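**Q** Structure incoming, see below.
Residue numbers (full-length UniProt numbering): 1 to 185.
Laid out in structure tokens, this is it:
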């Protein structure tokens with residue numbers, strides 16, 4: 001049996017991760033400046049949030065999922081087994097999947113913008129790693145039937161779309177905030 005679940009557990013994990021990442025930002029600020037320190041800590045926090053809301057059962061501990069009720073593989077049908085609609089975002093689960101990954105894409109760009117030469121390589125590699133993170137989450141959802149989640153390639157597509165949109169927003173924010181010009185004390 002999977003012993004935990006529900007929105008309360010998700011929110012508790014998000015808050016604990018947020019507190020830890022706030023401490024990380026405070027520790028990084030003297031070395032990196034406030035924009036980069038908050039971006040790095042925010043990026044780590046966004047990864048923790050994504051993990052919490054995708055790998056914790058949404059409706060409490062589901063108990064035992066019978067073998068015949070478990071999916072044998074991921075859905076490769078674009079639009080997949082995921083039901084339309086989700087209670088947090090009115091635009092449907094596909095919109096939610098994109099929205100959840102957008103902050104990670106934006107914060108990735110802001111975290112690397114302090115070093116423009118590194119950013120040219122780091123951002124595309126980071127987007128690829130976010131895609132791998134999404135695929136890993138889907139593989140985990142397939143392998144752990146007890147978390148009562150469905151593995152769907154559409155989720156990966158939506159997640160990567162959100163990360164790319166977020167990276168575009170991050171570029172605009174980096175141009176406005178200019179973390180590469182920030183002087184350290």
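Note that beta-carbon positions come from the ideal geometry of N, C-alpha and C, so glycine has one too.
Quantities reported herein were computed from a predicted structural model and do not represent experimental measurements.
Say the cut is 8 Å; is the CB of residue 156 nearer than that to a heavy atom of the ligand GDP?
**A** Absence of the ligand GDP from the depicted structure is noted, as is the absence of any ligand whatsoever, leaving it without description.
**Q** Closest by CA to residue 136, which one among 51, 39, 44, 110?
**A** Here residue 136 is taken as the residue at index 136 of the chain shown, counted from 1. Nearest of 51, 39, 44, 110 to residue 136, Cα basis: 51.
**Q** Excluding the 5 residues preceding and the 5 following residue 181 in the sequence, name in chain order all residues of the same chain whose CB lies nearer than 8 Å to its CB.
**A** Reading the chain shown from its first residue, position 181 is the one you call residue 181. None.
**Q** Am I right that residue 109 and residue 165 are in contact with their C-beta atoms under 8 Å? What's the rounded C-beta distance?
**A** Residue mapping note: residue 109 aligns to position 109 of the chain shown, counting from 1. Residue mapping note: residue 165 aligns to position 165 of the chain shown, counting from 1. Actually they are not in contact, since the Cβ atoms of residue 109 and residue 165 sit about 11 Å apart, beyond 8 Å.
**Q** Would you give the residue range spanned by the alpha helix (DSSP H) that residue 92 belongs to?
**A** Within the chain shown, numbered from 1, the residue matching residue 92 stands at position 92. From DSSP, residue 92 is part of no alpha helix (DSSP H); its letter is neither H nor E.
**Q** Taking the alpha-carbon positions, what's the residue 150 to residue 31 distance?
**A** For this step, residue 150 is matched to residue 150 along the chain shown. For this step, residue 31 is matched to residue 31 along the chain shown. Distance between the alpha carbons of residue 150 and residue 31: 42 Å.
**Q** When you compare only the Cα positions, how much space is there between residue 140 and residue 133?
**A** Here residue 140 refers to the residue found at position 140 when the chain shown is read from its first residue. Here residue 133 refers to the residue found at position 133 when the chain shown is read from its first residue. In a straight line, the C-alpha of residue 140 is about 10 Å away from that of residue 133.
**Q** Specify, as a first and last residue, the run of the alpha helix (DSSP H) that residue 12 falls within.
**A** As a first step, residue 12 is located in the chain shown; it is residue number 12 there, counting from the start. Looking at the DSSP string, the run of the alpha helix (DSSP H) that includes residue 12 is 7 to 32.
**Q** Give the single residue among 72, 177, 58 whose Cα lies nearest to the Cα of residue 5.
**A** Walking along the chain shown from the start, residue 5 turns up at place 5. With distances taken between Cα atoms, residue 5 lies closest to 58.
**Q** Could you compute how far the alpha carbon of residue 105 sits from the alpha carbon of residue 72?
**A** By one-based count along the chain shown, residue 105 stands at place 105. By one-based count along the chain shown, residue 72 stands at place 72. Distance between the alpha carbons of residue 105 and residue 72 is about 31 Å.
**Q** Nearest CA to the CA of residue 18: which residue from 55, 142, 47, 129?
**A** Walking along the chain shown from the start, residue 18 turns up at place 18. Ranking the options by Cα distance to residue 18, first place goes to 47.
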